[in-house]
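S.K.:
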């Protein structure tokens, strides 16, 4: 089989982000409306980024084993210390994209509800900064990232539902 993570250069993370965000969101949107829009694409990006963040945070505990096996995840390629900043950039960009989407008119104001998940983002960021090399202490950070991914998608959806009612 074709394994993206052994090839390196972020292909596994990128594929997960595209599959978990744009493909699912745009596919669902198309099935319901029989069209594609920039608004739907823009709404899919935060979801995809958090799917990539979920894969990314789960690579930290596997760093030594992946490195020994020649599995070139971005955490292995970048090293744990630098990979921390990649995780932070992904999580922070989710919120920047929401704000930019509103400013550009692609997203309704109600999707600002996604900011209610910021405490989970903070937990993940603070934790990976402190414990990027401690597998046991990464477990709650992984859980917070899963919760962030779910909460963000639900809050974005709720924002769209509220915007549709207004």
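Numbering (our numbering), first residue to last: -10 to 155.
Using N, Cα and C, we set each Cβ at its ideal position, and we do this for glycine too.
Being a predicted model, the structure only gives us computed values, none of them experimental.
(1) So residue 100 and residue 27 are in contact, right, with Cβ under 8 Å, and what is the actual spacing, rounded?
(2) Using a Cβ distance threshold of 8 Å, determine whether the stretch 12 to 30 contacts the stretch 47 to 66, with at least three qualifying pairs required.
(3) Consult DSSP for residue 123 and reduce its assignment to one of helix, strand or coil.
(4) Please list the terminal residues of the continuous alpha helix (DSSP H) segment that includes residue 93.
(5) Please look up how many angstroms separate the CB atoms of residue 46 and residue 76, rounded, as I've assumed it's under 8 Å.
(6) What is the DSSP secondary structure of residue 61, reduced to helix, strand or coil?
(7) Would you kindly work out how many angstroms separate the C-alpha atoms of residue 135 and residue 117, rounded to a whole number?
(8) Pop quiz: residue 120 and residue 127 are said to be a contact at Cβ under 8 Å. What is the actual Cβ separation, rounded to whole angstroms?
(9) Quick one: residues in its chain with C-beta nearer than 6 Å to the C-beta of residue 50, no 5 flanking neighbours on either side, listed in chain order?
(10) Excluding sequence positions up to five away, which residues of its chain have a Cβ less than 7 Å from the Cβ of residue 90?
(11) Can you tell me whether DSSP reads residue 155 as helix, strand or coil?
(12) Check this for me: beta carbons of residue 144 and residue 102, under 7 Å apart or not?
(13) How would you label residue 80, buried or exposed, when you count the other beta carbons within 10 angstroms and need 16 or more for buried?
(14) What is the rounded straight-line gap between the Cα of residue 54 and the Cα of residue 60?
(15) Leaving out five residues before and five after residue 56 in sequence, what residues of the same chain have Cβ atoms less than 7 Å from its Cβ?
(16) Could you tell me which of 86, 48 and 88 sits nearest to residue 69, measuring between CA atoms?
M.R.: Inspection of the coordinates gives the following:
(1) The Cβ separation is near 15 Å, so there is no contact.
(2) no
(3) coil
(4) It is not in any alpha helix (DSSP H) - residue 93 carries neither H nor E in the DSSP assignment.
(5) 6 Å
(6) coil
(7) 14 Å
(8) 6 Å
(9) 124 and 127
(10) 31 and 96
(11) coil
(12) yes
(13) buried
(14) 8 Å
(15) 65
(16) 48
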